[in-house]
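Reviewing the structure listed below.
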Amino acid sequence: MQEALSPLEELDTESHRLRQSLQNEMELSSSQYIQEVHSARLKAIPLDEMKKHTTGLRLQALKDVGIWSVADLQGWNEYRVSQVRGVGPKSASAIVRAVAIITASAKAVPINHPAPPFSGDTERQLMQALYRQHWFDTYIAEQTDAFGKALALHQSTRDEVATKVGFSYWLWKFGSNETIRHNINRANSMIGTLEEAGARSMRDGFSTLLSECRSVCANRVSDESIIQDFYENHDLYDSWLTRQLVQGGSKSRAKPMLQQIAPNAMAASDLVHVEFGRVVPGPPPAPTGGNRPVSASVETNPRHSEALVSVRIGSDIVHPMTEFALPVAQRAARSKDLRWLTRGESIQIQGHTLSHGFVYVGKGINSEEHYALNPWIAAKATASTPSDLAGYYFSYPSLNPEQRSRYLDWLAEGASSSIESGFGMLYFYGIERRVLDLIQGSVSNPPTHELEQLLEEVHRLGDLFKEKPGSVTQCCLRLSDFAAARAFDGTSVPELPKAWVRTYELPFIVRYGIGCFMRDDRPIPAEWALRWAYAEPTIYLRTPAARCPLEFEAAFAVVYREKFGYGLIVPANKTKLKLVYQPGWPMHLEPEIKYEFSGIPDVAALSAPQQTLKAVVEQSTEMIDGYSRYLGRNTAKAGTLEAFLNLPLSFWPPTERDRWQAFLTSLVDPMEPVTFESLLRGLGYVGDPALAKITEIVANLNRTLVGFEPDILAGARRPKPLEMVVLFRLTSQSDSDRTTNEYKKASLTVSLSACIALADGHASEEEAAAVEAMIASWQHLHLDLRTRLRAQYQLQVRQGISLASFTSRFSSLTADGRMQLALALSSLATVDGNIAATEVKLLEQVYKTLGLEPQLLYSHLYGGSQRAHPLESPALSTPS
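Be aware that the sequence shown starts at 524, since it is given in our numbering, and climbs by one per residue.
The following block contains the structure:
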């Protein structure tokens, strides 16, 4: 059976492959034709057309590098445009937006169908693909379907027989089963049927048709055949082309092919018709059959009623010129059945009671459909899982009944939740339309204070969706800015709005306020400069500014005042401020509204002030970078003194400065030993003291002019939580050099003095005063070093010190230096008038370690005039 069916299955497979190939050819040729039309349109739109879509564009730099049309900028992003010499980042952003708007507008215009004589390469390929599809549908499609049905019956029989006569089935009855014999007879009968003359004739005929189809697909179809078939079946071609050339986002239907051929569209010499297989110049004669009359005087569609930007594409005499018209948006017509509900006005729609007002109700036309609640459209909740809005900018009719029901429920609850941003946009569109009508005086006898009520609702809606994705908050702020700007009188600087959102353009109120300062040649205050920096699209705020906004603002104020005093003065430029508002943004539902302020300069047309401001932002960010990084690593320590140590003291909040002053008073100014754990608790540290990053803490204390002993930064051992430390004041952040021989010898002398003072069990006040006087006499050392030596003495006499801990440091002393050190220590031992035996014993060890004779000790202790006064400085000479 399989052998008998194989030829038929091969023919069926080939027919399906041909059909799919023809469909692919239609889609490919249609796509190429659409791309060619779009490309030709954009090439025909000059660069200056972009000036109609944005203000302040400087296009000469693009022309200088050979860019003359919108098509030349296709695929360019802001970075690539900004690389053109003479184009700044702000202009690059505006150019890319203008190109996107024009491109979308050009693509939204329906594409006219190709018309005879189909002279262009892509339109001829498209018509040839349609011709081949038509040929296939006419001569093969029915036969393919019939052949496929017959083959399917035979294949079903084969599959049934194969199941019933399988080996396992046969083995069960040893071949004696009646079912097996019956199905074997069915198989033989089917094979006999396929071998009959009728079946062979059908197979051969179908094979011949497929061969002819392959020939039609493989060879170029003559122009005469395509044109003749087009005139004979123009309705069919028109239907196909309408489906193939559909435009994304365009609901308008393109002109049919025959309606595009107007009497004045092309000269008679440019027309041809097919006559008995010959191409004859001139228009074709009127057919006498049932076909629709086609002549040069055929009725044409009226031209666009709206204003057009018309560009002719092509200049070849042989080919007729193509005209592309890009519509210029005009104010859409308004529906008469549309009703506005004021605040508190109630209505019931599809079982939902809306009692808060602020919506339009009615069918609506054009852009009104986006926001009008059509009460005749179904809105019914179902038990199915609610589906999310497929985007944020759909119209009310485009929602399914489930979504409409949820939207009406949302309105009935007072639009008080931020679950779906799409609902917020639909609600905003209606309010925006009403606000604009009130501002422009299009509403007769509006309720008192309605505009103020609507603007309050706009503010509430913006705050509601502030933390949600989408453009609700951004659109609300734009509308608020526009409404506020309409009230500007051009004489006074407005107040900065409390709320703001960073967008692709500088908010109008900021541009207006800065323009007033520019016009009056006045300095821009720090608070205005800060808002400008926040909202300026060309300034990028790094992580520290976002993570630590309060600290960034404090740093910005300090840097800004240091650089510019009362404020930056920006000279007025010639470009004047213009307010451009696009209703229904980002869908552009209505034409934009423009207002000019002739006396106010536009800072957005400049680039140098933005660069100056950017430098202030960068410097301010660097000043808080360490604090930001610290919080990034230690989020739980935000708000502690330990964290604020990473900031300059001038940036601290007032409450933290008070806490810091209390810390200084209690732990630093007394210069008394405290446990390391107590220090950490005073700084707000809440973790395990043993895990504290002591080096980082000491370095941060040093930046706030607080020293730490033991000298961790110079290599001293890290203190344990219950061990003592001493804090003291510093006069400078610069780290005084503690590696010189002079300081090392002074530190050694202080350590030995503490050791001697503790030899009798306690350090007396006389001994402490003697050490203080000795340190004060070392004027060759920096004040901060002398203070550190005092802290060192306080720490060592508190927690104790042994001679063995620093005997290795004696090797750096010269012979004269050792003698002078011995004299100073022996004098310190007698300063309190009592020489204990333990002190003498310790001094003997010191003298022995210094390499001095023990007899010298007694001479120094009891030698009278030979004894060095304890206030004299030891000879801290350098090693010879």
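Glycine is no exception: its CB is placed at the ideal position from the N, C-alpha and C atoms.
Counted as a single uninterrupted DSSP element, the alpha helix (DSSP H) harbouring HIS757 occupies residues 757–767. The continuous stretches of beta strand (DSSP E) do not include THR1163, and DSSP gives it neither H nor E.
For GLY609, there is no enclosing alpha helix (DSSP H), as DSSP marks it with neither H nor E.
Secondary structure of MET1297 (DSSP, three-state): helix. Counted as a single uninterrupted DSSP element, the beta strand (DSSP E) harbouring GLU1232 occupies residues 1229–1232.
At least 8 Å separates the beta-carbon of LEU649 from that of TYR760. Here ARG1332 is actually not in contact with GLY1374; their C-beta atoms are around 14 Å apart, not less than 8 Å.
Excluding residues up to 5 positions away in sequence, SER552, ARG743, VAL744, ILE749 lie with their Cβ nearer than 8 Å to the Cβ of GLN651 in the same chain. By the Cβ-count criterion, ASN547 is exposed, with fewer than 16 other Cβ atoms from all chains shown falling within 10 Å of its own Cβ. For LEU1373, the enclosing alpha helix (DSSP H) starts and ends at 1360–1373.
Within the same chain, and ignoring the five residues on either side of GLU1362 in sequence, the residues whose Cβ sits closer than 8 Å to its Cβ are ILE1279, ALA1282, ASP1283, ALA1352. Pairing GLU925 with SER762, the inter-Cα distance amounts to about 34 Å. Less than 8 Å divides the Cβ of GLN1133 from the Cβ of GLU1059. Here HIS875 carries a strand assignment [DSSP, helix/strand/coil]. Linking ALA1138 to GLU868 through their CA atoms gives a straight-line distance of about 54 Å. ARG1070 and ASP1148 have their C-alpha atoms roughly 10 Å apart.
In the structure shown, PRO569 adopts extended strand secondary structure according to DSSP, grouped into three states. For SER605, the enclosing alpha helix (DSSP H) begins and ends at 601–605. Measuring C-alpha to C-alpha distances from LEU1344 to each of LEU1318, LEU764, PHE1199, LEU1271 identifies LEU1271 as the nearest. Within the same chain, and ignoring the five residues on either side of ALA1277 in sequence, the residues whose Cβ sits closer than 6 Å to its Cβ are TYR1316, GLN1319, VAL1320, ILE1324. Leaving aside the five residues that flank LEU1304 on each side, the residues in its chain whose CB is nearer than 7 Å to its CB run, in chain order, GLU1265, TYR1266, ALA1269.
Contact annotation, ALA1286 with ARG1261: C-beta distance approximately 24 Å; criterion of less than 8 Å not satisfied. Boundaries of the beta strand (DSSP E) harbouring ARG1252: 1247–1252, taken from the DSSP string. Just measuring C-alpha positions, the residue of TYR952, GLU1295, GLU1113, LEU733 sitting nearest ASP660 is LEU733.
Close CB contacts of THR1144 within its chain, under the 6 Å cut and outside five residues either way in sequence, are with ARG1065, PRO1067, ALA1068 (chain order). Distance from the Cα of VAL619 is smallest, within the candidate group PRO633, LEU580, HIS657, for LEU580. Measuring C-alpha to C-alpha distances from PHE1040 to each of LEU961, ILE1092, ILE942 identifies ILE1092 as the nearest. At a Cβ-Cβ threshold of 8 Å, GLY1038 and PRO1124 count as neighbours. The residue among THR626, VAL1082, GLU955, LYS991 with its C-alpha nearest the C-alpha of GLN597 is THR626. Excluding sequence positions up to five before and after TYR662, its CB lies within less than 7 Å of the CB of LEU732, all in the same chain and listed in chain order. The beta carbon of LYS991 sits closer than 6 Å to those of SER941, SER944, all from its chain and outside the five residues before and after it, given in chain order. Of SER529, PRO1242, ALA621, the smallest CA-CA separation from PRO569 is found for ALA621. Residue nearest to TYR1083 within the set LYS1117, THR1061, ILE1047 is ILE1047 (criterion: CA-CA distance). If only uninterrupted beta strand (DSSP E) runs of at least 3 residues are considered, none is enclosed by the stretch 1138–1226.
For LYS1099, the three-state secondary structure derived from DSSP is strand. Around the beta carbon of GLN1378, fewer than 16 other beta carbons lie within 10 angstroms, which makes this residue exposed.
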